[in-house]
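175 is the number that my numbering gives the last residue of the sequence shown; the numbers go up by one with no jumps.
Glycine residues also receive a C-beta, built at the ideal position from the N, C-alpha and C atoms.
Given the structure is predicted, the values throughout are model-derived calculations rather than measurements.
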Amino acid sequence: MMVKTIFSGFGGQGVLMMGYTLAHGAMSAGYHVTYLPAYGAEVRGGTANCTVAVSDDEIASPIASEPDHIVVLNTPSLYTFQNRMASGGGLFLNSSIVLVEPSRHDVQVFKVPSSEMAEKIGNARAANTVMMGAFIKKTGLVQPDIYLKSLEEVMGSKKKSIVEINRKAFAAGYDYL
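Below, the structure is given as structure tokens:
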């Protein structure tokens, strides 16, 4: 098994954190992993993306010329990455922000209003975690409990309220699809 995913959005949306926590969780589950972040000079508000490869075997290249999945949190990311995706892959859209339809008809599209859902939970910054709940459910790359444990380790569990918000956000996304 070799699965490559691109996560993309504006800097500050937690795109790099999404990729990093997936990579951490997959490593914890015993997979070989690569994590390749990329972001503009301005970072917050600029474009940010990362590629995560998860495999049973060693990974020759972290680059995903035809990723299996793409997670987009904004419209420019949809336009940038949708045509790179492998036919039959999964395209995850933050439908709270991405209001245009993808031009691809040979992929599965999962629309998750992650920004709206995060606001209802009480923390708009948890939109990325809502999306990760939906992504983990549909891809099955990592077991939910392993991902959540990795999320806590990466973010630090110093503030119990942050851990609880992220657990609620993950569950909301997981249950949405």
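| Between the segment 109 to 125 and the segment 160 to 171, do three or more beta carbon pairs fall short of 8 Å? | yes
| said: Please tell me whether C48 and A58 are closer than 8 Å, where the distance is taken between their beta carbons. | reply: The sequence position of residue 48 within the sequence shown is 50, counting from 1. The sequence position of residue 58 within the sequence shown is 60, counting from 1. The answer is no: Cβ separation not under 8 Å.
| Going by the beta-carbon positions, is the gap between V110 and V128 smaller than 8 Å? | By 1-based counting over the sequence shown, the position of residue 110 is 112. By 1-based counting over the sequence shown, the position of residue 128 is 130. Going by C-beta atoms, V110 is nearer than 8 Å to V128.
| Is Q106 helix, strand or coil when you go by DSSP? | Reading the sequence shown from its first residue, position 108 is the one you call residue 106. Reduced to three states, the DSSP call for Q106 is strand.
| What span of residues does the beta strand (DSSP E) with N92 cover, start to end? | As a working note, residue 92 is residue 94 in the sequence shown. Residues G88 to N92.
| said: Measuring straight from C-alpha to C-alpha, what distance separates G17 and E162? | reply: Here residue 17 refers to the residue found at position 19 of the sequence shown. Here residue 162 refers to the residue found at position 164 of the sequence shown. So the alpha carbons of these two residues sit roughly 20 Å apart.
| How is G17 classed by DSSP in three states: helix, strand or coil? | As a first step, residue 17 is located in the sequence shown; it is residue number 19 there, counting from the start. Reduced to three states, the DSSP call for G17 is helix.
| Is the beta carbon of M4 sitting closer than 8 Å to the one on F90? | One-based indexing of the sequence shown puts residue 4 at position 6. One-based indexing of the sequence shown puts residue 90 at position 92. What sits at residue 4 in the sequence shown is Ile, not Met. Their beta carbons are not under 8 Å apart, which means I4 does not touch F90 by this criterion.
| request: Please go through the same chain and pick out, in chain order, the residues whose beta-carbon is closer than 7 Å to the beta-carbon of P142, but skip the five residues on each side of it. | output: As a first step, residue 142 must be located in the sequence shown, where it is residue number 144. Only I134 and Y172 meet the Cβ criterion.
| said: Buried or exposed for G44, going by 16 or more other Cβ atoms inside 10 Å? | reply: Within the sequence shown, numbered from 1, the residue matching residue 44 stands at position 46. Classification of G44: exposed, given that the 10 Å Cβ count is below 16.
| Beta-bridge partners of F5, as assigned by DSSP | Working through the sequence shown from its first residue, we reach residue 5 at position 7. Partner(s): C48 and V69.
| request: Compute the beta-carbon to beta-carbon distance between S105 and V52, rounded to the nearest angstrom, for a pair I have assumed lies under 8 Å. | output: Taking the first residue of the sequence shown as 1, we reach residue 105 at position 107. Taking the first residue of the sequence shown as 1, we reach residue 52 at position 54. Note that residue 105 is Val in the sequence shown, not Ser. The Cβ separation is near 19 Å, so there is no contact.
| query | Between which two residues does the alpha helix (DSSP H) carrying P100 extend? | reply | If you number the sequence shown from 1, residue 100 lands on position 102. Premise fails: P100 is in no alpha helix (DSSP H) and is neither H nor E.
| query | Going by DSSP, which residues form a beta bridge with L34? | reply | In the sequence shown, residue 34 corresponds to position 36, counting from 1. DSSP, once it has assigned bridges, lists T49 as partnering L34.
| task | Return the CA-CA distance between A84 and S112, expressed in angstroms with no decimal places. | result | Position 86 of the sequence shown, counted from the first residue, corresponds to residue 84. Position 114 of the sequence shown, counted from the first residue, corresponds to residue 112. Rounded to the nearest angstrom, the two C-alpha atoms are 24 Å apart.
| query | By DSSP, does M83 sit in helix, in strand, or in coil? | reply | As a position in the sequence shown, residue 83 is number 85, starting the count at 1. Here M83 sits in coil by DSSP.
| Cβ distance (whole Å) where T32 is taken to contact P60 below 8 Å | Start at 1 with the first residue of the sequence shown, and residue 32 comes out as number 34. Start at 1 with the first residue of the sequence shown, and residue 60 comes out as number 62. Contact holds; Cβ gap of about 4 Å.
| If you run the structure through DSSP and keep just helix, strand and coil, what is M25? | The sequence position of residue 25 within the sequence shown is 27, counting from 1. Residue state, collapsed to three classes: helix.
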